[in-house]
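Heads up, the thing below is written out as C-alpha cells.
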Amino acid sequence: MLEIASQGYVVTFVGHSMTRKRKTDNTQSENDVGDNKKERSFDYDYQNSSEEGPSTDRDPTQSDSQYQRTFPNKNRGRGDYRGRGGQRNHQFTKGRGRSYDTNDFDRKYGRVGGGNEDEVRESIREEGKGKEEKEPYPAELVAYLKNIEQMQVTEGHLDNMVIDKCAEECTGEEEKLLSFRDSSIVVESVFGSSQRGAELFLSGLARLKHKRLLDLFFSGTSAHAIETLFYALLPIKTNKPVELLEKFSDLLCDNWNDAVGCQHSAFLVRCFAWVACGLKKKDKTSHEDSTTAQSIEDQSADIKVGLSRVFDRIASLALESAATPRVENVHLSLVVQDVLEADRIAKLGKSTLLVDKILTTTTGNDLRQLWMGKNSSRVWEKLVMTCREETLQSLWETIVTGHVSELAAHPSANFPLQNFISSVKSLELATDVCHETTPLIQKFLSSDRWGVAQALLRCAAKHEDLQEPLLKALRQYFRAGTKENKVNFLLNIATMNKYNGKSFNDYDLHLHGCLLLEVLLTFNKIKTLTACVEALQASDIVKLHFLPEGFGIMELSNFQL
Numbered sequence: 052m053l054e055i056a057s058q059g060y061v062v063t064f065v066g067h068s069m070t071r072k073r074k075t076d077n078t079q080s081e082n083d084v085g086d087n088k089k090e091r092s093f094d095y096d097y098q099n100s101s102e103e104g105p106s107t108d109r110d111p112t113q114s115d116s117q118y119q120r121t122f123p124n125k126n127r128g129r130g131d132y133r134g135r136g137g138q139r140n141h142q143f144t145k146g147r148g149r150s151y152d153t154n155d156f157d158r159k160y161g162r163v164g165g166g167n168e169d170e171v172r173e174s175i176r177e178e179g180k181g182k183e184e185k186e187p188y189p190a191e192l193v194a195y196l197k198n199i200e201q202m203q204v205t206e207g208h209l210d211n212m213v214i215d216k217c218a219e220e221c222t223g224e225e226e227k228l229l230s231f232r233d234s235s236i237v238v239e240s241v242f243g244s245s246q247r248g249a250e251l252f253l254s255g256l257a258r259l260k261h262k263r264l265l266d267l268f269f270s271g272t273s274a275h276a277i278e279t280l281f282y283a284l285l286p287i288k289t290n291k292p293v294e295l296l297e298k299f300s301d302l303l304c305d306n307w308n309d310a311v312g313c314q315h316s317a318f319l320v321r322c323f324a325w326v327a328c329g330l331k332k333k334d335k336t337s338h339e340d341s342t343t344a345q346s347i348e349d350q351s352a353d354i355k356v357g358l359s360r361v362f363d364r365i366a367s368l369a370l371e372s373a374a375t376p377r378v379e380n381v382h383l384s385l386v387v388q389d390v391l392e393a394d395r396i397a398k399l400g401k402s403t404l405l406v407d408k409i410l411t412t413t414t415g416n417d418l419r420q421l422w423m424g425k426n427s428s429r430v431w432e433k434l435v436m437t438c439r440e441e442t443l444q445s446l447w448e449t450i451v452t453g454h455v456s457e458l459a460a461h462p463s464a465n466f467p468l469q470n471f472i473s474s475v476k477s478l479e480l481a482t483d484v485c486h487e488t489t490p491l492i493q494k495f496l497s498s499d500r501w502g503v504a505q506a507l508l509r510c511a512a513k514h515e516d517l518q519e520p521l522l523k524a525l526r527q528y529f530r531a532g533t534k535e536n537k538v539n540f541l542l543n544i545a546t547m548n549k550y551n552g553k554s555f556n557d558y559d560l561h562l563h564g565c566l567l568l569e570v571l572l573t574f575n576k577i578k579t580l581t582a583c584v585e586a587l588q589a590s591d592i593v594k595l596h597f598l599p600e601g602f603g604i605m606e607l608s609n610f611q612l
C-alpha cells in the first residue's frame, strides 16, 4: 500500500485482487509514462503506482479501489503542541525560578522529537478504525445478492420484479459494491444478466460525482464490472442506454490522456467504442457484420445519432493518436486497434479519412518510425488494410519506396509492409511495388521474411504480367532454373531446398514453403508447377495428401489440373 498526500487528500494505492484474463504488454514509451503520471496527479488528485500489476493474495473483503481517498490526519495533541504523537506540554524549571517548556524549545531550535510511542500507535489504530467505518464491507447486501444469484442459477433467469427489487436495495450503495472483489463479481452476475438490470445499476452509478466515478474507472474490479454491464445493454433500442453511454464516455474523453494510459480505463474506452457500433464483447473470433446491421435496423433516428456521436468522439481522439509517438504506449495502441476494427466492421470509413489527413501533416521519416515501433506498428498494420488505392499510392511514395529492404528487415515494420503489399490492387501501383521488391525476393527468403515474400506473391497473383519475373527469381533460388531440374521446383519449395532430387522425405516438409506453394498455385502462369505435379510419384502424392502441411497443396493442384 502506498499513500501520497496531494491537494489536501491522502491518496491510497492498493493492489487489485482480480486479474483481467487478457495478455497485454505493459511496456510504455519513455515520453508517455511521465506525462500520464503528471496529468493524472494534476487533474484528479491521484497518481499511478509504480506497478499496475494486480495482487492475488488479498482479503476478499478488502477494498479494491485503486485510488481510495481519505482525509489527512488531524492533530491529536493536547494544548498548543502540534506534534503527531499528541504528548503533553512538559515544563522544566530553569534558574531563578523561571519555567521553560517544550514550546520555547521548539521555537528556538525547531521540531526534533517524535512524541510518545504508545500514543502514536493508538493514533494509527484510531485512523485505521476510521477508514473501516468509512468503507465497511457490505456483507448483508452481498449475501442478499448472492441469494438472488442462486435463484438465477436455479430458475435460469430473473423476473423484472426481482431485478427492480435488487436495484432498490442497492440504491446508494453502488460505489461500495464495486469497491470490493466479491461484491463486484456478484453485481456482474445479477445485474449483467439482463438489459434492465444493467440499465438500473448503471443509472444509480451515474448519480455519483465525477471524481468518484473516475476512481471506479481506474480500478480493475470496478472497471471490469462496468464493462460487463455496458455490454449487457446490447442491442440498444431505447434512449436511456444512449444517455448512460454518452455520460460515461464523455467523462473518459474529457480525461483522455489518463484514460488511455491506464489499463483498466482503457478497456472501458474500447468497450464504449464497440457498444456504440452495436458490437458484442470480443469473446469469440467471429464478429459478423449482420449483428451490427440488425441492431441498427431496430433503432430510431435519435438513437443512431446519439451512438454515432459517442463513436465519433472516441474515434477522433483515438485515431489522431495514431500519428503521434504516444501510440507506442501499449494501452493506447490497443484502444486505437479496437476503434479501427469497429470502424471496419461498421463500415464507417473514418480510418481512411484519417490516413489521408496524416499524410498531409506528417513526414515520411516520422511515419516510418511509427512503423518500426513495437506497439505502433500494430496500429499501422490495421490502418493500411483500410486505405483506398489512392491512399496506398500516397503511402508508397511517402513511406515505402526506397526503404523496402529496411522495412522488411525490421522485426516490427515488416508487418505493416506485408499488409500494405497485400492490399495493393491497381496494376499501376502493383507494377511499382513488384518492380522494386522482386529483386529482393531471394533476400526475403534467405532472411526468413516469409510474410513479406507471400505478400509479394499475392500482389503479383492479381496481375498476370507481373508473374513471370517473380517465377524466374524463385526458380533460381529453389534450384530449378534449368530444364533438367525444373520438375524439382515444387518439392524444393515445399522442403525449402532439402529435397535431394531422388527420394522425398515427408519429414523435410516446411510449413512456410507449403504456404508459398499455395499462393503460387493461384498464379495464371503455372506451367512449371503443373509439370511438377504430373511428375510426382504416387507415394509422394499420398504423403502430401495426408500431411497437414501438404494437404492444401494437393487440393489446389487438383483444382488447377
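Mapping to my numbering: the sequence shown position 262 is 313, numbers consecutive.
Every residue gets a Cβ at the ideal spot worked out from N, C-alpha and C, and that includes glycine.
Keep in mind that this is a model prediction, so the values were computed, not measured.
HIS261 versus GLU278, GLN420, LEU410, ASP305, residue with shortest Cα-Cα distance: ASP305
Assuming ALA393 and LEU330 form a contact by the criterion Cβ under 8 Å, report the distance between their Cβ atoms to the nearest whole angstrom. 6 Å
The region 531-542 touching the region 582-592, judged by at least three CB pairs closer than 8 Å: yes
By alpha-carbon positions, which one of ARG526, LYS355, CYS485, ILE396 ends up nearest to ILE577? If we check each option's Cα against that of ILE577, ARG526 comes out closest.
Leaving out five residues before and five after ARG247 in sequence, what residues of the same chain have Cβ atoms less than 7 Å from its Cβ? ASN211, ILE214
Touching by the beta-carbon criterion (3+ pairs, under 8 Å), the region 361-370 and the region 282-291: no
Note down, one range per segment and in chain order, each beta strand (DSSP E) of at least 3 residues found wholly within the region 504-545. none
With DSSP collapsed to three states, give me the class of LEU253. helix
Along the chain, where does the alpha helix (DSSP H) containing SER402 start, and where does it finish? 401-412
Does DSSP put PHE574 in a helix, a strand or coil? coil
With CYS322 as the anchor, note down where its alpha helix (DSSP H) starts and where it stops. 314-327
Report the three-state DSSP secondary structure of GLU479 (helix, strand or coil). helix
Collapsed DSSP secondary structure at SER351 in the structure displayed: It is coil, neither helix nor strand.
Identify whether LEU555 lies in helix, strand or coil by the three-state DSSP scheme. According to the sequence displayed, residue 555 carries Phe and not Leu. Three-state result, PHE555: coil.
Between the beta-carbon of LEU434 and the beta-carbon of VAL455, is there less than 8 Å? no
Within 8 Å, strictly: CB atoms of ALA481 and SER428: no
Kindly list the residues whose CB is nearer than 7 Å to the CB of GLU487, restricted to its own chain and excluding five residues on each side of it in sequence; keep chain order. THR452, VAL455
Which stretch, first to last residue, makes up the alpha helix (DSSP H) that contains CYS438? No alpha helix (DSSP H) contains CYS438, which DSSP labels as neither H nor E.
Ignore the nearest five residues each way along the sequence and tell me which others in LEU253's own chain have a CB closer than 6 Å to its CB. LEU280, LEU295
Selection from GLY207, GLU224, LEU319, LEU209 that minimises the alpha carbon distance to VAL193: GLU224
Output needed for LEU251: all residues of its chain with C-beta closer than 6 Å, excluding positions within five of it in sequence on either side, in chain order. Result list for LEU251: ALA218, in chain order.
Helix, strand or coil: how does DSSP classify GLU224 here? coil
Cβ-based burial, LEU418 [other Cβ within 10 Å; buried from 16]: Flag for LEU418 reads buried.
For PRO189, count neighbouring Cβ atoms within 10 angstroms of its own Cβ and tell me buried if that reaches 16, exposed if not. It counts as buried.
Report the rounded CA-to-CA distance for ALA310 versus TRP431, giving the unit in angstroms. 22 Å
Take the Cβ of ASN575 as the centre, count every other Cβ of all protein chains shown within 10 Å, and call the residue buried at 16 or more, exposed below. exposed
Taking the C-alpha atoms as reference points, what is the distance between LEU319 and LEU368? 15 Å
Are the region 546-555 and the region 512-519 touching, with three or more C-beta to C-beta distances below 8 Å? no
Distance, PRO286 Cα to PHE242 Cα: 16 Å
Take LEU256 and list the residues in its own chain whose beta-carbon comes closer than 6 Å to its own, dropping the five residues that flank it on each side. GLU225
Can you check whether the CB of ARG509 is closer than 8 Å to the CB of SER477? no
Taking only the alpha-carbon atoms, compute the straight-line gap between SER590 and THR414 and give it to the nearest angstrom. 57 Å
Using DSSP with H/G/I as helix, E/B as strand and the rest coil, what is PRO292? helix
Tell me the rounded alpha-carbon separation between GLN113 and PRO462. Since pLDDT at GLN113 reaches only 47, below the 50 mark, its modelled position is unreliable, and no value is offered.
ILE199, enclosing alpha helix (DSSP H) - first and last residue: 190-206
In whole angstroms, what separates the C-alpha of THR205 from that of VAL237? Rounded to whole angstroms, THR205 to VAL237 spans 15 Å at the Cα level.
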